[in-house]
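These notes are about the structure you will find just below.
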Amino acid sequence: MKRQVSYQWRLREVMAEHGMFTATDLARPLADRGIALSSVQVWRLVTQSPERLSLPVLAALCDIFECTPTDLIATRAENAAPRRTATGETSGSADGVVPLRPKRARIDPNGG
Numbered sequence: 001m002k003r004q005v006s007y008q009w010r011l012r013e014v015m016a017e018h019g020m021f022t023a024t025d026l027a028r029p030l031a032d033r034g035i036a037l038s039s040v041q042v043w044r045l046v047t048q049s050p051e052r053l054s055l056p057v058l059a060a061l062c063d064i065f066e067c068t069p070t071d072l073i074a075t076r077a078e079n080a081a082p083r084r085t086a087t088g089e090t091s092g093s094a095d096g097v098v099p100l101r102p103k104r105a106r107i108d109p110n111g112g
């Protein structure tokens, strides 16, 4: 069975818990730890969920807020709903066996 995974980027919440409410508040502490990001990059880091994140940036954020990556990234995984066929049946079953369906017969009007 397929699993669907998702995550929630919680940097804004962690920042608020530490009294930081704008992206510019985060730029200086990052620079102090050797992370050189433009103001636009810092703004994106704060306001959007990153699809890729370098480990040095993650480590710097954890150091700034004295937290772990788990505090910044909440993950979730759940079983994907089974796909339904046109007949309303689910494809596959709990034991992974796919039900057999007969092939439609073709009738030749010429008898052959």
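According to UniProt numbering, the sequence shown is numbered sequentially starting from 1.
All C-beta atoms in this analysis are idealised placements derived from N, C-alpha and C, irrespective of residue type, glycine included.
Handout entry: Of the residues Ser49, Leu37, Ala74, the one placed nearest Pro56, counting alpha carbons only
Key = Sequence index remark: in the sequence shown, residue 56 carries index 56 (1-based). With respect to the C-alpha of Pro56, the residue from Ser49, Leu37, Ala74 having the closest C-alpha is Leu37.
Practice task
Would you mind stating whether Leu58 and Val14 have Cβ atoms separated by less than 8 Å?
Solution key: Here residue 58 refers to the residue found at position 58 of the sequence shown. Here residue 14 refers to the residue found at position 14 of the sequence shown. Between Leu58 and Val14, the CB-CB gap reaches or exceeds 8 Å.
Exercise for the section: Compute the Euclidean distance between the alpha carbons of Met20 and Ala74, then round it to the nearest angstrom. Expected result: For the purposes of this step, residue 20 is taken as residue 20 along the sequence shown, with counting starting at 1. For the purposes of this step, residue 74 is taken as residue 74 along the sequence shown, with counting starting at 1. Inter-residue distance for Met20 and Ala74 is about 20 Å (C-alpha atoms, whole angstroms).
Handout entry: Which of helix, strand or coil DSSP assigns to Ala31
Key = Position 31 of the sequence shown holds residue 31. In the structure shown, Ala31 sits in a helix (DSSP, three-state: H, G or I).
Practice task
Return the CA-CA distance between Arg27 and Cys62, expressed in angstroms with no decimal places.
Solution key: As a working note, residue 27 is residue 27 in the sequence shown. As a working note, residue 62 is residue 62 in the sequence shown. A quick correction: the sequence has Ala, not Arg, at residue 27. The C-alpha of Ala27 lies about 14 Å from the C-alpha of Cys62.
Problem - Closest residue to Arg10 among Gln4, His18, Leu100 (Cα-Cα distance) - result: Locating residue 10 in the sequence shown gives position 10, where the first residue counts as 1. Comparing Cα-Cα distances from Arg10 to each of Gln4, His18, Leu100, the minimum goes to His18.
Practice task
Classify Thr22 as helix, strand or coil using the three-state DSSP reduction.
Solution key: Stepping through the sequence shown from its first residue, residue 22 is reached at position 22. If DSSP states are grouped into helix, strand and coil, Thr22 belongs with coil.
Exercise for the section: Could you check what DSSP says for Ala80 in three-state terms: helix, strand or coil? Expected result: For the purposes of this step, residue 80 is taken as residue 80 along the sequence shown, with counting starting at 1. Correct three-state label for Ala80: coil.
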